[in-house]
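Protein sequence lines, in the order shown, are assigned to chains A and Y. Read left to right, the first sequence gives residues 395 to 547 (the working numbering). Read left to right, the second sequence gives residues 395 to 547 (the working numbering). Following: one structure in structure tokens, then a few remarks.
There are 2 protein chains.
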Amino acid sequence: MKTRLHSKTTRQEPLADLTGRLRKRSRRVTGPRQAILETLRQHAHPLTNKEIFAAMPKGNCDLATIYRSMHLLEEMGMVKRFHFGDGAARFELVSEGDDGHHHHLVCVRCSQIVEIEDCFPHELEEAIAARNGFKAITHKLEFFGVCPRCQSP
Amino acid sequence: MKTRLHSKTTRQEPLADLTGRLRKRSRRVTGPRQAILETLRQHAHPLTNKEIFAAMPKGNCDLATIYRSMHLLEEMGMVKRFHFGDGAARFELVSEGDDGHHHHLVCVRCSQIVEIEDCFPHELEEAIAARNGFKAITHKLEFFGVCPRCQSP
DNA sequence: ATCGCTGCAAAAATTTTGCAGGTAA
DNA sequence: TTACCTGCAAAATTTTTGCAGCGAT
């Protein structure tokens with residue numbers, strides 16, 4: 395149980411595999427979609443739609459297309475959506491086979507993000523589900539604090 | 395360690411105590427602020443700004459005022475802000491002395507909310523903070539699932 | 001009598017949608 | 001060819017802000 399150091403296995407799923415997942419679901423492999431997936435592939439941390447838009451080669455696609463694509467990719471389980479408290483959704487690629495379950499440690503000053511693999515024991519979640527009669531329980535957990543660099547004024 | 399059943403002690407801080415907290419900080423006790431606090435007091439679960447607005451007696455105050463008040467109350471530690479995934483912040487009163495730390499179990503179908511007092515061991519958070527050199531660590535944890543009523547189609 | 005607070009209106013920021021044309025399969 | 005996708009533009013949401021006047025202290 396330790397902090398994930400973004401292993402290659404997590405980030406290096408080739409673009410071809412990603413687009414293959416689109417094909418398998420009869421979704422078209424278009425320029426914008428490839429550019430979005432490639433952008434996400436090259437970033438270790440969740441990106442907002444605007445950040446994806448800005449990171450893409452010369453206005454390669456419309457912002458509305460990014461919004462639509464993120465909905466599609468989320469529904470397909472290819473990306474995961476996070477909310478860090480400013481009113482902007484952030485997205486991160488989910489590797490094939492991986493359920494993408496992990497958390498983040500966010501600096502409240504500079505917004506630096508560290509990925510965290512730790513999680514609490516599964517029994518806690520099961521107990522909460524059972525006690526309240528809920529099924530299909532999941533959770534979202536994010537940590538906030540002041541990063542080392544922001545501690546020295 | 396069990397689900398909180400909204401005890402009186404949690405919800406019955408009198409309005410006068412709440413406004414007293416404003417006075418202590420040299421904040422004015424106005425009509426809108428009293429109406430907002432009273433509305434929050436009467437609801438066991440987090441409310442959006444719009445819900446507060448709608449729940450208030452006959453348009454008793456402007457929506458912009460609610461936004462401004464929630465910022466003030468949040469900064470004073472009198473309310474806590476939550477995000478459940480739709481892009482709308484929700485607010486809940488924090489009792490005096492209480493740190494307001496608790497979580498929610500949200501039905502993904504009907505949005506019913508159950509308050510959860512359980513939490514994971516503090517050591518996990520401390521370990522994460524230490525390992526990454528972060529200070530003043532906090533966390534946000536929300537559970538999602540399908541509530542009993544929504545399980546029968 | 002202050003100065004903070006509010007309402008109103010306008011603006012900003014984020015996200016969604018309609019439509020006509022373009023393109024992957 | 002034929003759906004699916006995209007760009008563009010407009011709209012819908014959520015939140016913030018400017019300003020003049022009102023009101024708590």
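Where is the CB? At the ideal position from N, CA and C, for every residue including glycine. These numbers were taken from a predicted model, which means no experiment stands behind them.
If you check the beta carbons only, do Y:Arg503 and Y:Val540 fall under 7 Å apart?
The residue labelled residue 503 of chain Y in the question sits at position 109 within the second sequence. The residue labelled residue 540 of chain Y in the question sits at position 146 within the second sequence. Inclusion of Y:Arg503 and Y:Val540 in the CB contact set at 7 Å is warranted, their separation being smaller than that value.
Between Y:Val508 and the rest of its own chain, which residues show a CB-CB distance below 6 Å, the 5 nearest in sequence each way excluded?
Locating residue 508 of chain Y in the second sequence gives position 114, counting from the first residue. Shown here for Y:Val508: same chain residues with a beta carbon closer than 6 Å to its own, the five before and five after excluded, namely Leu499 in chain order.
Beta-carbon within less than 6 Å of A:His439's beta-carbon, same chain only, minus the 5 sequence neighbours each way: which residues are those?
As a working note, residue 439 of chain A is residue 45 in the first sequence. In chain order, Ile507 place their CB closer than 6 Å to the CB of A:His439, counting only its own chain and leaving out the 5 sequence neighbours on each side.
Y:His516, enclosing alpha helix (DSSP H) - first and last residue
To locate residue 516 of chain Y, count along the second sequence from 1; it is residue 122. Per DSSP, Y:His516 belongs to the alpha helix (DSSP H) from His516 to Asn526.
Own chain partners of A:Ala523 with C-beta closer than 8 Å, once the 5 adjacent residues on each side are dropped
Here the question's residue 523 of chain A lines up with position 129 in the first sequence. Counting only Cβ-Cβ distances below 8 Å, and skipping sequence neighbours, we find Lys529 and Ile531.
Exposed or buried, Y:Arg427, counting other C-beta atoms within 10 Å across all chains shown (16 or more means buried)?
Translated into positions along the second sequence, residue 427 of chain Y becomes position 33. By the 16-neighbour rule on beta-carbons within 10 angstroms, Y:Arg427 is buried.
Opposite A:Ala448 in the DSSP bridges: which residues?
Taking the first sequence and counting its residues from 1, the one referred to as residue 448 of chain A is at position 54. Residue pairing of A:Ala448 in beta bridges, as defined by DSSP: absent, with no partner found.
Y:Thr442 in three-state terms, based on DSSP:
Against the second sequence, residue 442 of chain Y aligns to sequence position 48. For Y:Thr442, the secondary structure class from DSSP, reduced to helix, strand or coil, is strand.
The segment 473–489 of chain A / the segment 434–448 of chain A touching (three or more Cβ pairs under 8 Å):
Cβ pair count under 8 Å is three or more, so yes.
With the cut-off set at 7 Å, would you say Y:His423 and Y:Thr413 are in Cβ contact?
What you label residue 423 of chain Y is simply residue 29 of the second sequence in a count that begins at 1. What you label residue 413 of chain Y is simply residue 19 of the second sequence in a count that begins at 1. Checking the sequence shown, residue 423 of chain Y turns out to be Val, not His. In this structure, Y:Thr413 lies closer than 7 Å to Y:Val423 by Cβ.
Cut-off 7 Å between Cβ atoms - residues of its own chain near Y:His533, not counting five sequence neighbours on either side:
Mapped onto the second sequence, residue 533 of chain Y falls at position 139. The beta carbon of Y:His533 lies closer than 7 Å to those of Glu519 in the same chain, with the five residues before and after it left out.
Under the three-state DSSP convention, the category A:His465 falls into:
As a working note, residue 465 of chain A is residue 71 in the first sequence. For A:His465, the three-state secondary structure derived from DSSP is helix.
When we look at the beta-carbon of Y:Ala429 and count the other beta-carbons within 10 Å, is it buried (16 or more) or exposed?
In the second sequence, counting from the first residue as 1, residue 429 of chain Y sits at position 35. Buried is the call here.
Short CB-CB distance (under 7 Å) between Y:Glu536 and chain A
Within the second sequence, residue 536 of chain Y is the residue found at index 142, counting from 1. Flagged as an interface residue toward chain A: Y:Glu536, by a C-beta distance shorter than 7 Å.
Where does A:Cys513 fall in DSSP's three states?
Counting from one through the first sequence, the residue named residue 513 of chain A turns up at place 119. Residue state for A:Cys513 is assigned as coil, using DSSP reduced to three classes.
For A:Gly479 and Y:His477, I'd like the C-alpha separation in whole angstroms.
The residue given as residue 479 of chain A occupies position 85 in the first sequence. The residue given as residue 477 of chain Y occupies position 83 in the second sequence. For A:Gly479 and Y:His477, the distance between alpha carbons rounds to 7 Å.
Burial state of A:His497, where buried means 16 or more other Cβ atoms lie within 10 Å
In the first sequence, counting from the first residue as 1, residue 497 of chain A sits at position 103. Of the residues assessed, A:His497 falls on the buried side of the cut-off, its CB having 16 or more other CB atoms within 10 angstroms.
Three-way DSSP call (helix, strand, coil) for A:Thr532 in this model:
Along the first sequence, read from residue 1 onward, the residue named residue 532 of chain A stands at position 138. Three-state result, A:Thr532: strand.
Residue-level contact to chain A via CB, Y:Phe528, 7 Å cutoff
Position 134 of the second sequence holds residue 528 of chain Y. Under the Cβ criterion of 7 Å, Y:Phe528 is counted among the residues facing chain A.
Interfacial residues, the segment 486–503 of chain A to chain Y, with Cβ spacing under 7 Å
Taken in chain order, the members of the segment 486–503 of chain A whose beta-carbon sits within less than 7 Å of a beta-carbon on chain Y are Leu499.
Counting contacts by CB-CB distance shorter than 7 Å, is A:Cys455 in contact with chain Y?
For the purposes of this step, residue 455 of chain A is identified with residue 61 of the first sequence, where counting begins at 1. No - not a single Cβ of chain Y is within 7 Å of the one on A:Cys455.
Among the residues of its own chain, which have a CB less than 8 Å from the CB of Y:Met450, if the five just before and after it don't count?
On the second sequence, residue 450 of chain Y is found 56 positions in, with the first residue counted as 1. Cβ neighbours of Y:Met450 beyond the five flanking positions: Ala429, Ile430 and Thr433.
For chain A, check one thing: does any of its Cβ atoms lie closer than 7 Å to the Cβ of Y:Asp512?
Walking along the second sequence from the start, residue 512 of chain Y turns up at place 118. Answer yes: the Cβ-Cβ gap between Y:Asp512 and chain A drops below 7 Å somewhere.
Contact list for Y:Ile507 against chain A, beta-carbon separation under 8 Å:
By 1-based counting over the second sequence, the position of residue 507 of chain Y is 113. Ordered by position in chain A, no residue passes the 8 Å Cβ test against Y:Ile507, which lies about 11 Å from the chain.
Name, going along the chain, the residues of the segment 514–526 of chain Y whose beta-carbon falls closer than 9 Å to a beta-carbon of chain A.
Along the segment 514–526 of chain Y, going in chain order, the ones with a CB nearer than 9 Å to a CB of chain A are Phe514, Pro515, Leu518, Glu519, Ala521, Ile522, Ala523, Arg525 and Asn526.
Along the beta strand (DSSP E) that carries Y:Ala483, what are the first and last residues, could you check?
Working through the second sequence from its first residue, we reach residue 483 of chain Y at position 89. Note, Y:Ala483: beta strand (DSSP E), Ala483 to Leu487.
Short-range partners of chain A found in the segment 462–483 of chain Y, where Cβ spacing is below 8 Å:
Of all residues in the segment 462–483 of chain Y, Arg475, His477, Gly479, Gly481 and Ala483 have a Cβ within less than 8 Å of some Cβ in chain A.
Minimum C-alpha distance to Y:Ser546 - residue among A:Gln545, A:Gly527 and A:Glu536:
Counting from 1 along the second sequence, the entry for residue 546 of chain Y is found at position 152. Here the closest residue by C-alpha is A:Gly527.
Residue-level contact to chain A via CB, Y:Thr532, 7 Å cutoff:
Here the question's residue 532 of chain Y lines up with position 138 in the second sequence. Yes, because at least one Cβ of chain A sits closer than 7 Å to the Cβ of Y:Thr532.
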